[in-house]
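Chains as they are written, first to last, in my numbering: chain P, 1 to 340; chain X, 1 to 340; chain Y, 1 to 340; chain S, 1 to 340. Notes follow once the structure below has been shown.
There are 4 protein chains.
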Amino acid sequence: MKTFASDNNAGVHPQIMAALDECNKEHVVGYGDDIYTQQAIAAFKNFFNKQVEVFFVYGGTGANVLAVSSACRSYESVICAASAHINVDECGAPEKFSGAKLVDIATENGKLTPAMIKPYLHGFEFEHHSQPKLISISQPTELGTVYTLDELKALRELADSYNMLIHVDGARIANAAVALGCSFKEMTLGCGIDILSFGGNKNGLMFGEALLFFTKDISKNFKYIRKQAMQLHSKMRFISAQFNAYLQTGLWHKNATHSNKMARILVDRIKGIPGIKITQPVETNAVFVTLPKEMISKIQQETFFYDWNEYIGEVRWMTAFDTTEQDIDNFITILKKYLK
Amino acid sequence: MKTFASDNNAGVHPQIMAALDECNKEHVVGYGDDIYTQQAIAAFKNFFNKQVEVFFVYGGTGANVLAVSSACRSYESVICAASAHINVDECGAPEKFSGAKLVDIATENGKLTPAMIKPYLHGFEFEHHSQPKLISISQPTELGTVYTLDELKALRELADSYNMLIHVDGARIANAAVALGCSFKEMTLGCGIDILSFGGNKNGLMFGEALLFFTKDISKNFKYIRKQAMQLHSKMRFISAQFNAYLQTGLWHKNATHSNKMARILVDRIKGIPGIKITQPVETNAVFVTLPKEMISKIQQETFFYDWNEYIGEVRWMTAFDTTEQDIDNFITILKKYLK
Amino acid sequence: MKTFASDNNAGVHPQIMAALDECNKEHVVGYGDDIYTQQAIAAFKNFFNKQVEVFFVYGGTGANVLAVSSACRSYESVICAASAHINVDECGAPEKFSGAKLVDIATENGKLTPAMIKPYLHGFEFEHHSQPKLISISQPTELGTVYTLDELKALRELADSYNMLIHVDGARIANAAVALGCSFKEMTLGCGIDILSFGGNKNGLMFGEALLFFTKDISKNFKYIRKQAMQLHSKMRFISAQFNAYLQTGLWHKNATHSNKMARILVDRIKGIPGIKITQPVETNAVFVTLPKEMISKIQQETFFYDWNEYIGEVRWMTAFDTTEQDIDNFITILKKYLK
Amino acid sequence: MKTFASDNNAGVHPQIMAALDECNKEHVVGYGDDIYTQQAIAAFKNFFNKQVEVFFVYGGTGANVLAVSSACRSYESVICAASAHINVDECGAPEKFSGAKLVDIATENGKLTPAMIKPYLHGFEFEHHSQPKLISISQPTELGTVYTLDELKALRELADSYNMLIHVDGARIANAAVALGCSFKEMTLGCGIDILSFGGNKNGLMFGEALLFFTKDISKNFKYIRKQAMQLHSKMRFISAQFNAYLQTGLWHKNATHSNKMARILVDRIKGIPGIKITQPVETNAVFVTLPKEMISKIQQETFFYDWNEYIGEVRWMTAFDTTEQDIDNFITILKKYLK
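The structure is reproduced here in structure tokens:
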């Protein structure tokens, strides 16, 4: 049975499996000097622009950490939301590998605003303070919310005033693009983003993540950083072929549209069930709710999902590219059994 | 056309593709808490013993670096051959992530002996010196040679005298096992090895590597180290299922037997071609030769392979699980065209 | 003229200069294997207990960072106040060298309480989260406030519940001891502190800081960590001799008593000057006040001191071991010139 | 009694003590923004040129490690002699802090030549290899030998061909300058050196070391690196004042001339004592000799000195700025007692 625990609990989309099969012939040179990688990079350039620099790494944590390492020297700092994946879900990998300091800011909904960031932008040129260099945001956020294009542009304006860079953790970037109804390009390049972790594992891929640099020079020595960070895959074609299929066929859009839609249906179906309170705007494929605390573990025993905030009984439900209405029906049945 | 550039230029074995397909159904919990990972770990325990601790990471560099990080604190040092992958092919990843010092020793054939290591084992308790803690060897070596069981046991004896640990970089461990005609267990546990990077990518897998700890306590906090090192895959089943199939079906043995045999055939076929001199004993699937320097780039333009030592005109040829006798015929034809 | 900018703007106390002179004869072995270092360690053991492990490093940042590095592995985290020196005044040195994550908590007065810390103590055993390991507090805090013995014991109780360690940044530990009217031992060992950065530079020493470990095993490999952290002085006697004189003669108490007293006098003298508002309890030798924003830079041009919070016009004034009542008179005269 | 163990076993020269006393008045701003530091920097600029960037750190290991950190990114490498202090006497500090790889080369006399280095200069642009960036030499070497100006210029020529930088570990730079009979400028700037660790502790100072950058841009962000590396002293004047006196009064020259001369006298005096063989040219203040192995520990019990190579019974004797002919007489008497 499928659960609502996480979109990374889903498997690999059949079109991706087919792409893996298809590229599995003959010998090709390792480490990215192959035709499949050329095609995938061309696909990205087609979606963004010719100047974008594209690199593949093993996963999301790797992409985020290398974004930080490329943008910052160890004496610089990264401004992020307290809820950011880099702040709470990477076991300190950004600090360990880059040496840079994370300055995290509490938010209501996972989104940073210039007003929230500004009080932390001081101490420039003062050697005792880590120098603010990078604003890292998640799009969508870990709470499923989405920055509007205007909100992104406001961050860019702030960053410009302080000579800072902006990184987007796009582990679920497709879900955000679908939610905003815009292209990848509009929501990144068009808003002045410098670096993008472009994920696909949560939307049907098997492994691998793309790291995109829109701004000249940041990626100049990236190939060495990637290798030293243990993120260079030898049989690179098996990452590239996935991204190529994902982008070229529109699979990214189809899958994200579906999972966003399933979240909306889930929200509609839980209305009226007593004891459930939705705590965040449902803008992508995540639904955050509070439940009566004593019921949580009982429900989890029937169908697993993650606690989000044990203090207030908040949990997270996520839909995936392969969630069906029948899965939702089954889930609602379980919920109703415990919440009357 | 298939080349003799590297065994990682080959694709993925069909049985591995089938295993990936087969595990691709329904949702399973991410990060290794799934039935496929349990099965793969059980398979490893079956090959070694019940006490072995098994962890999956993304690739060979990750496995080696995390072996160093688990065994050593930053003020300790690693003794290795100058030709070791950790010393020359990982862009300084071991030093960067672990902080430990690599002490490399020149060898004739990639193999270390106690006599070669001993002069470097001093300064214990002297705070100015990195403390020798780990001997890291490659089996087979990067030069295709294989340590005998007696040679391994001699290193163990040395390590015991100095309270040191031994790590084996087993990127091609199957080729060594086949060459020695012994089990994985005999050549590792049986010889007192503490940590093993167990690779499969060069023998038909797509991605992922196993890190095995035979000695209690070294792996105690490994799960955190793996996550912080960006080596924890979310959709873990797609690594585990590969290793499960690889071990359970004997694929490791079949593929390594084949590639070793192809190397022997290649050696037989180049005999008598003028200008080729074999420089290392051919014990696994690598063939090192010197060629007339002026011919190397010409031949490479027709069929790519790597330079090994430009100063003496040494190159490396590798066979793979999918090398055919026809591939060898084609290669010999090219060689004979340039070397008369 | 003496300012109220910082107690580290003061020079070296004549008794310390005398101690330096006195130890400057003949040759002694470097790196701490000398009679002066033995004497200083004995003096510390006399003040604390026989089990305390004492190491000398170059300065306060070094002491704090090495406390973190000794207590934590890179995948662990440090809970500290947002105002902590390790969080804002060490340019990210703790993260860079230890790899550990700093989790900072906003406070009113620089002091942490169990209730403030508890919400951050979760995710134990969860590999995605940095594991909480160390609570680091400053005594006195960077805001000049002092933890009572009961407050320290409450933190110990919390730490015990979670198997955590406690570090005290004691850059001005003598000022806190004088304020509490207790011995160094009562306020550290007596309250279950594990590690203490014992400073003296702000109270009349020239250079060097002591790092004290009260809990077995934490310091086991410290000598290597110190050397690798570039904190081992060759001519160690010139650090040791200072601490020996500082402790043996009661200089620490005399100087701290004086600077605390001068801060009280300063507070008394500014009462009634319009536009000055004291913002923190004055418990040691720091006085935090808000001033009319437009006046701050004008006053600073006559007598330098540091801005603390530009947003609210808060500045910091510090007294030192050599501050005189005449210095205060002069300062008050300047203040009154601008604040009428 | 004075020994021949190390020049850092000596105390502080009286003129340095006087300089410390003299600057010990009033308050001055911390961290280097003071008149004494300005004077010391001016003195260095006077010795070298106006463009030199001068920073003070705590000690020699700190200076060397920060030279590496300034010159290299973590994926780059440092070429050095196997005997280099950074390679064997800093407990892995360069690797830990900079992340860069050390590539060490065995030498006869501690000196590198272009011919020795060249075979290691390959793999440029190849992401699997740490990129060679810095040549680090010691002047004089740890074996007491001195590079001639021509030898230095030859290294510069090599470095230019590969776009590399050169660092000099000048822990005993004054002894080398005296040996060469040239100015500091001629032997550094004049030979194309980029970075110089300028030491003084082994020649009469108490603590502190200067790091000099001759080449634009390398030091651009150095102030942050120094702070993050725990090498920024608060009461900076007490380092600066020492260097100011050391340079301005010619003390550096007087002391180094004396210790070099004492080494020559020692060499003359041991001639004819049976069982002593000098193993390195005596060009500065170090004398390396082999002794009958069974006698070494016996002599060390009467007058301590360090073993250098236990395998061949080699030991090191060093003279200092305060070594007297009487000290040599006493030492010779002891030697003769055991070596007849």
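We put the beta carbon where it would ideally sit given N, CA and C, even for glycine. Every value quoted in this text rests on a predicted model; they were computed, and no experiment measured them.
In chain order, what residues of the same chain have a beta carbon less than 8 Å from the beta carbon of I296 (chain X), not counting five sequence neighbours either side? For this step, residue 296 (chain X) is matched to residue 296 along the second sequence. Here the set comprises D307, G313 and V315.
Between which two residues does the alpha helix (DSSP H) harbouring D150 (chain Y) extend? The count along the third sequence starts at 1 and reaches residue 150 (chain Y) at position 150. Start and end: L149 to S161.
Ignoring anything shorter than 4 residues, give me the alpha helix (DSSP H) runs that lie fully in the segment 13-57 of chain Y, in order along the chain. 14-23 and 35-47
Sub-9 Å separation of I225 (chain X) and H233 (chain X) beta-carbons: Counting from one through the second sequence, the residue named residue 225 (chain X) turns up at place 225. Counting from one through the second sequence, the residue named residue 233 (chain X) turns up at place 233. Contact flag unset, no.
N- and C-terminal bounds of the beta strand (DSSP E) containing R264 (chain Y): Here residue 264 (chain Y) is taken as the residue at index 264 of the third sequence, counted from 1. Segment L251 to I270 is the alpha helix (DSSP H) holding R264 (chain Y); no beta strand (DSSP E) there.
Using only CA atoms, which one of X:G59, X:K185 and X:W252 lies nearest to F321 (chain X)? Translated into the one-based positions of the second sequence, residue 321 (chain X) becomes position 321. Taking only the C-alpha atoms, the option nearest F321 (chain X) is X:W252.
With distances taken from CA atoms, which of Y:K293, Y:L102, Y:I332 and Y:T249 is nearest Y120 (chain Y)? Taking the first residue of the third sequence as position 1, residue 120 (chain Y) is located at position 120. Minimum Cα distance to Y120 (chain Y) is reached at Y:L102.
Could you tell me which whole beta strand (DSSP E) segments of length 3 or greater appear in the segment 189-214 of chain X? 195-198 and 209-213
Element boundaries [alpha helix (DSSP H), containing R226 (chain X)]: Counting from 1 along the second sequence, the entry for residue 226 (chain X) is found at position 226. Residues F222 to Q228.
Is the segment 268-282 of chain X in contact with the segment 52-72 of chain X, if contact means three or more CB pairs nearer than 8 Å? Cβ pair count under 8 Å is below three, so no.
Assigned secondary structure, Q326 (chain Y) (DSSP; H/G/I helix, E/B strand, else coil): The residue given as residue 326 (chain Y) occupies position 326 in the third sequence. Q326 (chain Y) falls in the helix class under three-state DSSP.
Short of 6 Å in beta carbon distance, which residues of its chain neighbour G192 (chain Y), apart from the five on each side in sequence? Order them along the chain. Taking the first residue of the third sequence as position 1, residue 192 (chain Y) is located at position 192. Answer for G192 (chain Y): R156, listed in chain order.
With distances taken from CA atoms, which of Y:T319, Y:K220, Y:Q301 and Y:K2 is nearest A263 (chain Y)? Against the third sequence, residue 263 (chain Y) aligns to sequence position 263. Closest option to A263 (chain Y), Cα to Cα, is Y:T319.
Answer yes or no: do I105 (chain X) and A71 (chain X) have a C-beta to C-beta separation smaller than 9 Å? Walking along the second sequence from the start, residue 105 (chain X) turns up at place 105. Walking along the second sequence from the start, residue 71 (chain X) turns up at place 71. Their beta carbons are not under 9 Å apart, which means I105 (chain X) does not touch A71 (chain X) by this criterion.
Shorter than 9 Å from the beta carbon of V29 (chain X) to some beta carbon of chain P? Within the second sequence, the letter at position 29 stands for residue 29 (chain X). Cβ-Cβ to chain P under 9 Å: yes for V29 (chain X).
Alpha carbon to alpha carbon, what distance is there between L335 (chain Y) and I299 (chain Y)? If you number the third sequence from 1, residue 299 (chain Y) lands on position 299. If you number the third sequence from 1, residue 335 (chain Y) lands on position 335. Distance between the alpha carbons of I299 (chain Y) and L335 (chain Y) is about 7 Å.
Contact set between P119 (chain S) and chain X, taken where Cβ atoms lie within less than 8 Å: Taking the fourth sequence and counting its residues from 1, the one referred to as residue 119 (chain S) is at position 119. The answer, in chain order, is Y311.
Neighbour list for G59 (chain X) in chain P, Cβ cutoff strictly below 9 Å: Within the second sequence, the letter at position 59 stands for residue 59 (chain X). Per Cβ cutoff of 9 Å: Y58, M230, Q231, L232, H233 and S234.
Let me check one thing: in DSSP terms, what residues is H129 (chain Y) bridge-paired to? As a working mapping, residue 129 (chain Y) is identified with position 129 in the third sequence. Beta-bridge pairing links H129 (chain Y) to no other residue.
Let me know if L266 (chain S) comes out buried or exposed under the rule of 16 or more other beta-carbons within 10 Å of its beta-carbon. Taking the fourth sequence and counting its residues from 1, one reaches residue 266 (chain S) at position 266. Around the beta-carbon of L266 (chain S), 16 or more other beta-carbon atoms lie within 10 Å, marking it buried.
Runs of 4 residues minimum, wholly inside the segment 264-309 of chain X: which ones carry the alpha helix (DSSP H) assignment? 293-302
Less than 7 Å between C-beta atoms, sequence neighbours within five positions excluded: which residues of the same chain meet that for Y31 (chain Y)? Along the third sequence, read from residue 1 onward, the residue named residue 31 (chain Y) stands at position 31. The residues are L232, S234 and M236.
With 16 as the cutoff for other CB atoms within 10 Å, does Q280 (chain P) come out buried or exposed? Along the first sequence, read from residue 1 onward, the residue named residue 280 (chain P) stands at position 280. Buried, because 16 or more other Cβ atoms sit within 10 Å of the Cβ of Q280 (chain P).
For A43 (chain Y) and Q242 (chain Y), what's the separation of their Cα atoms in angstroms? Position 43 of the third sequence, counting from 1, holds the residue named residue 43 (chain Y). Position 242 of the third sequence, counting from 1, holds the residue named residue 242 (chain Y). If you take the alpha carbons of A43 (chain Y) and Q242 (chain Y), they lie about 12 Å apart.
Return the residue from the list S:A176, S:L339 and S:D327 that minimises the CA-CA distance to A5 (chain S). Start at 1 with the first residue of the fourth sequence, and residue 5 (chain S) comes out as number 5. Measuring from the Cα of A5 (chain S), the nearest candidate turns out to be S:D327.
May I ask you to report which of helix, strand or coil DSSP gives S136 (chain X)? Here residue 136 (chain X) corresponds to residue number 136 of the second sequence, with the count starting at 1. If DSSP states are grouped into helix, strand and coil, S136 (chain X) belongs with the strands.
Whole angstroms is fine: what's the gap from V352 (chain P)'s alpha carbon to A256 (chain P)'s? Nothing can be reported for residue 352 (chain P): it is not among the residues displayed for chain P, which extend from 1 to 340.
Any beta carbon from chain S within less than 9 Å of I218 (chain P)'s own beta carbon? Looking up residue 218 (chain P) in the first sequence gives position 218. Closer than 9 Å: no.
Mind listing which residues of the segment 286-311 of chain S have their C-beta closer than 8 Å to chain X's C-betas, in chain order? Within the segment 286-311 of chain S, the residues whose Cβ lies closer than 8 Å to some Cβ of chain X are E310 and Y311, listed in chain order.
Examine the Cβ distances between the segment 192-211 of chain P and the segment 22-38 of chain P and report whether three or more of them are shorter than 8 Å. no
Skipping 5 residues on each side, what residues in its chain have a beta carbon closer than 7 Å to that of F331 (chain Y)? As a working note, residue 331 (chain Y) is residue 331 in the third sequence. For F331 (chain Y), where only same-chain residues beyond five positions count, the Cβ hits under 7 Å are F4 and T303.
Less than 9 Å between the beta carbons of I86 (chain S) and S130 (chain S), yes or no? Your numbering for residue 86 (chain S) matches position 86 in the fourth sequence. Your numbering for residue 130 (chain S) matches position 130 in the fourth sequence. The answer is no: Cβ separation not under 9 Å.
CA nearest to the CA of E53 (chain Y), picked from Y:L196, Y:K25 and Y:H13: Indexing the third sequence from 1 puts residue 53 (chain Y) at position 53. Looking from the CA of E53 (chain Y), the closest CA among Y:L196, Y:K25 and Y:H13 belongs to Y:L196.
Secondary structure at I81 (chain S), three-state DSSP: helix, strand or coil? Taking the first residue of the fourth sequence as position 1, residue 81 (chain S) is located at position 81. Here residue 81 (chain S) is Ala; the residue named in the question, Ile, does not match the sequence. Strand at A81 (chain S).
Neighbour-count burial assignment, S161 (chain X), 16 or more Cβ in a 10 Å radius: The sequence position of residue 161 (chain X) within the second sequence is 161, counting from 1. Its Cβ having fewer than 16 others within 10 Å, S161 (chain X) is exposed.
Assess, as a yes-or-no matter, whether the segment 158-177 of chain S is touched by the segment 199-211 of chain S under the definition of 3 or more beta carbon pairs within less than 8 Å. Contact holds: three or more Cβ-Cβ distances are below 8 Å.
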